[in-house]
Amino acid sequence: MRPTDRTPALPRRRILVIKVGVALAFLVLVAQLVYVQEVHSLAYAARASYETTQIQPTPALRGAIYDREGRLLAVSVERSEVYADTNLVRDPASYAAILAPLLGTFEAALTSQLSVKTGYTVLARNIAVANAQAVLSKGLAGIYAKPTTVRVYPAGDLAEPVIGSVNTNGLGYAGLEEQYNAPLSGRPGETEVTYSPQGVPLPQGNRVVRSAQPGTGLELTIDEPLQYATEEALAGQLRSQGAPQGSAIIMNVRTGAVLAMANLVSNPATGVVTEAPDNLATNMVYEPGSVFKLVTFSASLADGIITPDTPVTIPPYIDLGGWRFSDAEVHGVIRYTATQVIAYSSNLGTIEITGRLGAQRLAAQISNLGFGRPTGLGFPGASPGIAAPASSWSASAMGSTPIGEDTGVTLMQLTDLMASVANGGVMVPPRLVRAEISPKGKLTRPARLASRRVMPAQAAQELTGMLERVVMYGTGVEAGVPGYNVAGKTGTSQIVNPNGPGFIPGAFWGTFCGFLPAGDPSLAACVVLVRPRGDYGGSAAAPVFSEIMQYAAHLFAIPPSPPPVITGGTSQPVPLGWQGISAPGVNDSRASLRQIVDQAVSGKGARVD
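In this text, residue positions in the sequence shown follow the numbering used here: the first is 24, and each later residue adds one.
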């Protein structure tokens, strides 16, 4: 039999099993393919997207801050931050050679940064947007850029304690920048950025997820030229007096608008004057001295206890609660009118009048005039001051409290007091923000706190006349402003020893507060110097008041006063230093002085945060 090339036939059962197995395997493969393509497709797509895209926050432009005339005091500018993932950098030296000219830095420094495999490394901050895009155009793996903003203060450090600053995250942490941080900040956006698998940003690979919303701007009540003039005058006096710090405020008595608020510190050894670390005018509490006598006199005039011509017998000294009180100069028994008591700032005369007024009424007037309570500014760190109720007063308080001891005040509170007298007895809450400005330019005036009467109009008018005598022939002669009748009060007080009882020997606060024109007041101002050589408020702070109010009167074209006429029992000769000037002279001086200050302000270097 011939051999055959056919293999033996398999049993039909076995063939069937093989076919079924192949079919099942095929079905498994198909099922797996469907599972991968359909069920897990979204998951794999998301994983691929995660590896090639990234959501980055887009910073909002912070709202600008302007002075009352629209001059820029703070503005945010779009910038970029360039950074690297050093784990993706293969040749640090070649990268550095390309990047150094674009980032404005040294190759060696960049090479060192890029050589350390730490991952995220910032190479440059506050880079121009065009420079950052030029960096990305080089297509360097692991080199990225993200949008940021930088805060610029065109007038430099001017009014820095008031305006404030922002931190490295662009958030306000001091001053108005902190107080109004929420509206100024706006709302950040989000951008989807696409990268290649090698970590290179892809051109046209950005997609805006949510647009950033710019912040709301602020229009302040501050006048930039007046702020500059105030700081210059205060700085000059700090150097002249060897005082380590000082503050000054100018305010519109009718509206409560703060037109200037200066806060400076000085190194007496070098004469270098800089902006204070915080807003001394609202945050620093001190015993005001004799300027606080306005509390006693306003209440006594309101209650009819005295008139400007009421005679007061003043002894050589007064003993109260184990303490002996005296005047600045030793004297025997003298008789003054109430006006002369305040004009010559007699402590003993004031104590005598306070005895007629009573402790409860004095304490009530202290509270009524806002001491021990917030002013309403809401400024970060602002102090309400310290004012104890009469029930907790010591046995000597009826001697110390009416002459400006025992009570802690801020310069802002004293300015409110003086402005209330100037405003006919009505206290208008102070304000620093004139309007909020929407990104589209719409102005919204913030609601004002209610004004309130703190003394009768007649009492305010009588007190104004008495305060005019302080400047005409009393302790505040150096506060005079040529061409204007000025009303005001000096204050000198010892600095409390922080490490024990009593006071620091030879250390004083020197204060002057006043307003002009006395007949029709427009502006009030207060100045305080810490530890001046001149000791007294009349010689240390009053000259600053004179200088800044002379400029302010010219700046706002306030008409000059008629020559003063002093009649009645308080008659004294008009000081020889008083000289009237004509309206044309005021206008001419205003134009030239304004121009000088504008030029000086524009010449200051910008501050950048």
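For glycine and all other residues, C-beta sits at the position ideal for the given N, C-alpha and C.
Computed from a predicted structure; not experimentally measured.
Inset, instruction - Keeping to the same chain, check which residues put their C-beta closer than 7 Å to that of G603; ignore five residues upstream and five downstream. - result: The predicted model places G603 with a pLDDT of 26, which falls under 50 and marks its position as unreliable, so this point remains unresolved.
Inset, instruction - Name the residue from V364, T438, A470, T293 whose alpha carbon lies nearest to the alpha carbon of C549. - result: T438
Inset, instruction - Note down the Cα distance separating M421 from G259, rounded to an integer number of angstroms. - result: 38 Å
Inset, instruction - Run through the segment 400-458 for me and flag every whole alpha helix (DSSP H) of 4 or more residues, listed as ranges in chain order. - result: 420-423, 434-445
Legend entry - As assigned by DSSP and simplified to three states, the class of K169: Correct three-state label for K169: strand.
Legend entry - Between the CA atoms of G464 and G393 - distance to the nearest angstrom: G393 and G464: Cα-Cα distance of roughly 36 Å.
Inset, instruction - Per DSSP, which residues does Q388 bridge with? Please list them. - result: Paired residues: none, contrary to the question.
Inset, instruction - Find out if the Cβ-Cβ distance for the pair S103, R85 is shorter than 8 Å. - result: no
Legend entry - Spatial distance of L578 from Q484 (CA atoms): 26 Å
Legend entry - With 16 other Cβ atoms within 10 Å as the buried cut-off, status of N290: exposed
Legend entry - Contact set for V353: own chain, Cβ-Cβ below 8 Å, skip 5 residues either direction: Cβ within range, chain order: P339.
Legend entry - At least three beta-carbon pairs within less than 8 Å, the segment 304-313 to the segment 513-527: Yes, since at least three Cβ pairs between the segment 304-313 and the segment 513-527 fall closer than 8 Å, the two stretches touch.
Inset, instruction - Evaluate the contact criterion for the segment 204-216 versus the segment 135-155: three or more CB pairs, one atom per stretch, below 8 Å. - result: no
Legend entry - A387 versus V318 - alpha carbon distance: In a straight line, the C-alpha of A387 is about 10 Å away from that of V318.
Inset, instruction - Starting from M284, follow the beta strand (DSSP E) in both directions and report where the run begins and ends. - result: 281-290
Inset, instruction - Along the alpha helix (DSSP H) that carries N149, what are the first and last residues, could you check? - result: From DSSP, N149 is part of no alpha helix (DSSP H) but of the beta strand (DSSP E) over 143-150.
Legend entry - Whole-angstrom distance between F315 and N190, CA atom to CA atom: The straight-line gap separating the alpha-carbon atoms of N190 and F315 is approximately 39 Å.
Legend entry - Beta carbon of L552 nearer than 8 Å to that of A564: yes
Inset, instruction - Keeping to the same chain, check which residues put their C-beta closer than 6 Å to that of Q573; ignore five residues upstream and five downstream. - result: If you ignore the 5 residues before and after Q573, its C-beta comes within less than 6 Å of the C-beta of V504, all in its own chain and listed in chain order.
Inset, instruction - Enumerate in chain order the residues of its own chain whose CB-to-CB distance from S323 is below 6 Å, with the five nearest sequence positions on each side excluded. - result: I329, I376, L380
Legend entry - Element boundaries [alpha helix (DSSP H), containing V318]: Bounds of the alpha helix (DSSP H) holding V318 are 316-325.
Inset, instruction - Have a look at the DSSP bridge pairing and note the partners of P334. - result: T360
Inset, instruction - Kindly provide the ranges of any alpha helix (DSSP H) runs that are 4 or more residues long and lie completely inside the segment 550-589, ordered along the chain. - result: 560-563, 565-578
Inset, instruction - Could you spell out where the alpha helix (DSSP H) holding S208 opens and where it closes? - result: 204-208
Inset, instruction - Excluding the 5 residues preceding and the 5 following N391 in the sequence, name in chain order all residues of the same chain whose CB lies nearer than 6 Å to its CB. - result: V477
Inset, instruction - Please name the residue in N154, E428, R277 whose C-alpha comes closest to that of V451. - result: R277
Inset, instruction - Go ahead and pull the three-state DSSP assignment for I643. - result: Limits of the chain in this structure are 24 at one end and 632 at the other, which puts residue 643 out of reach.
Legend entry - Y367 (DSSP reduced to helix, strand or coil): Residue state, collapsed to three classes: coil.
Inset, instruction - Answer yes or no: do L243 and I88 have a C-beta to C-beta separation smaller than 8 Å? - result: yes
Legend entry - CA nearest to the CA of P412, picked from G404, L455, L400, D429: Ranking the options by Cα distance to P412, first place goes to D429.
Inset, instruction - Below 8 Å on the Cβ atoms is my guess for G537 versus A502; work out the distance and round it to an integer in Å. - result: That pair is a contact at about 6 Å.
Legend entry - DSSP bridge partner residues for Q236 (one or two, in chain order): R210
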